[in-house]
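Have a look at this one:
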């Protein structure tokens, strides 16, 4: 997995919860079907518009709530990265552990608008709005976290280390298995 | 510079002398708790695990299984427990919401670290434990390696003075705090001060549990006589409590006079800056009332519920659902007569599970309905339809409101 991402931006507001992205009813479905529910309430129809490599930008307290595998749904939808002004720490850990690049940019929703192109590099902490030319740098996350993202998430690492069957290494990088790793929760 | 409770626990388990906010460490985890949901979705059985004696399995969210998908997880859990010799396996029948089972069995111990997939794992902070939800992939990793990482967050200290007035619970204290100070994203919460001694353990657990709703990392109480008695009753004495240093560095110290508190209600959507004293709440008519969850399905919550309902009837058109937090709570509440009183009042007493709290397999609310809940979350869509409104309050307030059919101050009902 790459520690950098460039993609088209979708901007969401403050306080998006896991119930907004992975409602309880969707927990009864498999990952491709569940992914159709992301933002079902706050932005109906978005899942039909989002494309591979797109980047979700959100406001403060992004991902408050349950330990549901929202990051896996984003992987399923082809989302290339998450940016927020502030992440709920459980949601942030889940993104890292699913190998999904995530970066905190304190004023992100003012810097980016729908359709802008965003570039970010977790290794350097650099980000830019390639549409407007605005750029900046944020603190780099600890090396251990970078290694997890670079490995494609924590499950492939476990296979590399001999804790999980080695033959699963490739499939462990798939969205469905990342979902299994993240499970469901309240 | 001294350390907060959480910094002290993380430092000890990381094997380093000191930790302060911003530091990242890898730590040994003392107890790892797996829940049913982890086995139900494409579970991958590990080839080796760190330590079966530091592992527990609790069937809680979707039991008895409401779907074939959930049912398929059971055999995988049983096979895994048998294969690796995991003795702490709380299968259906001796199950409960994991945080209740963790409490009853002393799995969260003072000064130790506990990991579990559920986001309300911060409940363990009531027992002076560094406990928090970590996501199943990470919990799988801890299960295998026995270790994980934390970046220490700044800590907010709540300095509590006075004593809680009668009829005011830990839920009310939490809803007051959430309303007054809002979210604590990427911060730890530490509760201390002379007022803590007067807060019963079940109320402490409600408060610690709900740290998740204001986006906190860890929520921790200190070790005191109340906890000493709790662990003495369990016959557990192998732990070293973590105390905050007098010169610990806090992001902020916030003072709360418990004596001045009144019952609180949170309006729909969030508990953060969204509450009012029950005396000021709009008297909305309610369709469903719920008392349960890891926050409020404890034995004392059911006792309080029974005390309010005794000799009264749930209002026509209202359904009151009461869900004990564990099989042990269920059996104790039955033995003590609480369930009889609750059922006689016209409430539905369900099996022990997370149940209506997470809107998955029972007790959902429909479009246009109003629910008053004593559980963990009032997010839009959390308990069913996104067109339903979810208010949140204490078990006493919920029980009183079920009787009158509108959001009601329990102190008025009790005075009748």
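Protein chains in written order, with this note's numbering: chain A, 43 to 228; chain B, 7 to 422.
Glycine is no exception: its CB is placed at the ideal position from the N, C-alpha and C atoms.
### Exposed unless 16 or more other CB atoms sit within 10 angstroms - verdict on residue 178 of chain A
exposed
### Query
So residue 180 of chain B is in the beta strand (DSSP E); what residue range does that whole segment cover?
Per DSSP, residue 180 of chain B belongs to no beta strand (DSSP E); it is in the alpha helix (DSSP H), 176-187.
### Buried versus exposed, by CB contacts within 10 Å (16 or more), residue 422 of chain B
Any reading at residue 422 of chain B must be qualified, since the residue scores a pLDDT of 46, below 50, and its modelled position is unreliable; the value itself is stated next. Exposed is the call here.
### Task
State buried or exposed for residue 75 of chain A, treating a residue as buried only when at least 16 other CB atoms are found within 10 Å of its CB.
exposed
#### Entry: For residue 226 of chain A, three-class secondary structure by DSSP
For residue 226 of chain A, the predicted structure reports a pLDDT of 48, less than 50, and the residue's modelled location is therefore unreliable. The matter cannot be settled from this model.
### residue 145 of chain A - partner residues in DSSP beta bridges
A:125
### Query
Which of the three DSSP states, helix, strand or coil, is assigned to residue 403 of chain B?
helix
### Amino acids of chain B, ordered along the chain, whose beta-carbon sits closer than 8 Å to that of residue 140 of chain A
Going along chain B in sequence order, the residues near residue 140 of chain A (Cβ under 8 Å) are 143.
### Query
residue 294 of chain B lies in the alpha helix (DSSP H); which residues open and close that run?
From DSSP, residue 294 of chain B is part of no alpha helix (DSSP H) but of the beta strand (DSSP E) over 294-297.
### Task
Please check if any C-beta of chain A sits within less than 8 Å of the C-beta of residue 53 of chain B.
yes
### Query
Run through DSSP, which three-state label would residue 122 of chain B get?
strand
#### Entry: Beta-carbon proximity list for residue 318 of chain B, same chain, < 7 Å, skipping 5 on both sides
351, 409
### Task
Just mark residue 89 of chain B as buried or exposed, buried being the case when its beta carbon has 16 or more other beta carbons within 10 Å.
exposed
### For residue 156 of chain B, the three-state DSSP class (helix, strand or coil)
strand
### Separation of residue 194 of chain A from residue 37 of chain B, as counted between CA atoms
27 Å
### Task
Could you tell me which chain B residues have their CB closer than 7 Å to the CB of residue 161 of chain A, listed as they occur along the chain?
Within chain B, no residue comes near residue 161 of chain A; the closest Cβ sits about 25 Å away, beyond 7 Å.
### Task
Measure the C-alpha to C-alpha separation of residue 109 of chain A and residue 368 of chain B and round it to an integer number of angstroms.
Going from the Cα of residue 109 of chain A to the Cα of residue 368 of chain B covers about 20 Å.
### Message
Which residue wins for smallest C-alpha separation from residue 140 of chain B, given the options A:68, A:130, A:149, A:90?
### Response
A:130
### Task
If I'm right that residue 9 of chain B touches residue 25 of chain B with Cβ under 8 Å, what's the distance once you round it to whole angstroms?
7 Å
### Query
Just to confirm, are residue 79 of chain B and residue 108 of chain B a CB contact at a threshold of 8 Å?
Contact flag unset, no.
### Query
Would you say residue 122 of chain A and residue 158 of chain A are within 8 Å of each other, going by their C-beta atoms?
At least 8 Å separates the beta-carbon of residue 122 of chain A from that of residue 158 of chain A.
### Message
What are the residues in the segment 382-396 of chain B lying within 9 Å of chain A by C-beta distance?
### Response
382, 383, 385, 386, 387, 388, 389, 390, 392
### Message
Assess contact between the segment 362-380 of chain B and the segment 132-151 of chain B, defined as three or more Cβ pairs (one per stretch) separated by less than 8 Å. Is contact present?
### Response
Result no; under three Cβ-Cβ pairs closer than 8 Å.
#### Entry: Which of helix, strand or coil DSSP assigns to residue 390 of chain B
strand
### Length-filtered (3 minimum) beta strand (DSSP E) runs lying within the segment 66-100 of chain B
94-96
#### Entry: Cut-off 8 Å between Cβ atoms - residues of its own chain near residue 57 of chain B, not counting five sequence neighbours on either side
152
### Message
To the nearest angstrom, how far is the alpha carbon of residue 340 of chain B from that of residue 346 of chain B?
### Response
7 Å
### Message
Taking the beta carbon of residue 194 of chain B as the centre, do at least 16 other beta carbons fall within 10 Å, making it buried, or is it exposed?
### Response
buried
### Query
Which of the three DSSP states, helix, strand or coil, is assigned to residue 231 of chain B?
helix
### Task
Drop a sphere of 10 angstroms on the beta-carbon of residue 209 of chain B, count the other beta-carbons inside from all chains shown, and report buried for 16 or more, exposed for fewer.
buried
#### Entry: Endpoints, the alpha helix (DSSP H) within which residue 191 of chain A is located
185-192
### Query
Hey, how far is the Cα of residue 1 of chain B from the Cα of residue 208 of chain A?
Residue 1 of chain B lies beyond the residue range present for chain B, which begins at 7 and ends at 422; the question has no answer from this structure.
### Task
Quick one: give me the first and last residue of the beta strand (DSSP E) that residue 3 of chain B is part of.
This structure does not reach residue 3 of chain B, given that chain B is present from 7 up to 422, and the question cannot be answered.
### Residues near residue 330 of chain B by beta carbon distance below 7 Å, same chain, minus five either side
Around residue 330 of chain B: 303, 308, 336, 339, 358.
### Task
Inspect the beta-carbon positions of residue 275 of chain B and residue 386 of chain B and report whether they are closer than 8 Å.
yes
### Message
Please list, in chain order, the chain A residues whose beta carbon lies closer than 7 Å to that of residue 150 of chain B.
### Response
200, 205
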